[in-house]
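A.B. asks:
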Amino acid sequence: MTARSLALFLSASLLRHTAPVARVRACALAFALATLSASAFAAPDIEAGKALFASRCASCHSVGPMAASGFGPQLNGLAHRRAGSLPDFDYSKEMKQSGIVWDDKTLAAFIANPGKTVPGTKMRFWGIGNERKVVDLIAYLHTFK
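All letters in the sequence shown, in the order written, are residues -42 to -1, 1 to 103 by mature numbering (1 follows the signal peptide of the UniProt record, and there is no 0).
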């Protein structure tokens, strides 16, 4: 059942059996469910994340058994790593002092808008505004421990 069909079902059944105040709440719930993005319900696409990494990230970052920091830090084992902690990369002072420990939420924010998440970062990248692509990219990065 899709989010939209679930919302329609809920709104129809709740509207028939509820008082006026509850009907307003039911409509609000149905609207919220209907407008949720598809990425909230779909599983991440690791292959799409791999393609995105190749086209948008690989010019500066590397992953895999031979990964090494270059223009950007290597990204193996990024999850749960403290930001700015690799000894072989010269991070900005702001990144080192950010206090960030990378998890899905902090990675998503940084990938979407690096300069807003860590003002002063050396990463010169506009970000990826598409939530689905960010989820796919993070899923791909998780494959490198």
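Every residue gets a Cβ at the ideal spot worked out from N, C-alpha and C, and that includes glycine.
1. Looking at the strands, I want to know which residues DSSP matches up with Arg40.
2. Return the chain-ordered list of same chain residues with a C-beta closer than 6 Å to the C-beta of Asn71, the five sequence neighbours on each side being excluded.
3. Whose CA, out of His100, Phe102 and Lys91, lies closest to the CA of Ala(-1)?
4. Helix, strand or coil: how does DSSP classify Lys51 here?
5. What separation, rounded to the nearest whole angstrom, lies between the Cα atoms of Leu10 and Tyr98?
6. Can you look up Lys80 in the DSSP assignment and give me helix, strand or coil?
7. Nearest-angstrom Cα distance between Ala41 and Arg82?
8. Can you look up Lys103 in the DSSP assignment and give me helix, strand or coil?
9. Alpha carbon to alpha carbon, how far is Asp61 from His5? Give it in angstroms, no decimals.
10. Tell me whether Phe29 is buried or exposed, calling it buried when 16 or more other Cβ atoms sit within 10 Å of its Cβ.
11. Measuring only the C-alpha atoms, how far is Met24 from Val59?
12. Can the beta-carbon of Met53 be found closer than 9 Å to that of Lys74?
13. Could you tell me whether the Cβ atoms of Gly7 and Leu95 are closer together than 9 Å?
C.D. replies: A quick look at the data gives this:
1. Within the sequence shown, numbered from 1, the residue matching residue 40 stands at position 82. Val59, per the DSSP bridge assignment.
2. For the purposes of this step, residue 71 is taken as the residue at position 113 of the sequence shown. Excluding sequence neighbours, Asn71 sits near Gly85.
3. Reading the sequence shown from its first residue, position 42 is the one you call residue -1. Of His100, Phe102 and Lys91, the residue nearest in Cα terms is Lys91.
4. The residue given as residue 51 occupies position 93 in the sequence shown. Note: Lys51 maps to helix in three-state DSSP.
5. The residue labelled residue 10 in the question sits at position 52 within the sequence shown. The residue labelled residue 98 in the question sits at position 140 within the sequence shown. So the two alpha carbons sit approximately 9 Å from each other.
6. The residue given as residue 80 occupies position 122 in the sequence shown. In the three-state scheme derived from DSSP, where H, G and I count as helix and E and B as strand, Lys80 is classed as coil.
7. Looking up residue 41 in the sequence shown gives position 83. Looking up residue 82 in the sequence shown gives position 124. Ala41 and Arg82: Cα-Cα distance of roughly 16 Å.
8. Position 145 of the sequence shown, counted from the first residue, corresponds to residue 103. Assigned with DSSP and collapsed to three states, Lys103 falls in coil, not helix or strand.
9. Walking along the sequence shown from the start, residue 5 turns up at place 47. Walking along the sequence shown from the start, residue 61 turns up at place 103. Here residue 5 is Glu; the residue named in the question, His, does not match the sequence. Those two C-alpha atoms are separated by around 20 Å.
10. Counting from one through the sequence shown, the residue named residue 29 turns up at place 71. Per the 10 Å Cβ criterion, exposed.
11. As a first step, residue 24 must be located in the sequence shown, where it is residue number 66. As a first step, residue 59 must be located in the sequence shown, where it is residue number 101. C-alpha separation (whole angstroms): 24 Å.
12. Numbered from 1 along the sequence shown, position 95 holds the residue referred to as residue 53. Numbered from 1 along the sequence shown, position 116 holds the residue referred to as residue 74. At least 9 Å separates the beta-carbon of Met53 from that of Lys74.
13. Taking the sequence shown and counting its residues from 1, the one referred to as residue 7 is at position 49. Taking the sequence shown and counting its residues from 1, the one referred to as residue 95 is at position 137. In this structure, Leu95 lies closer than 9 Å to Gly7 by Cβ.
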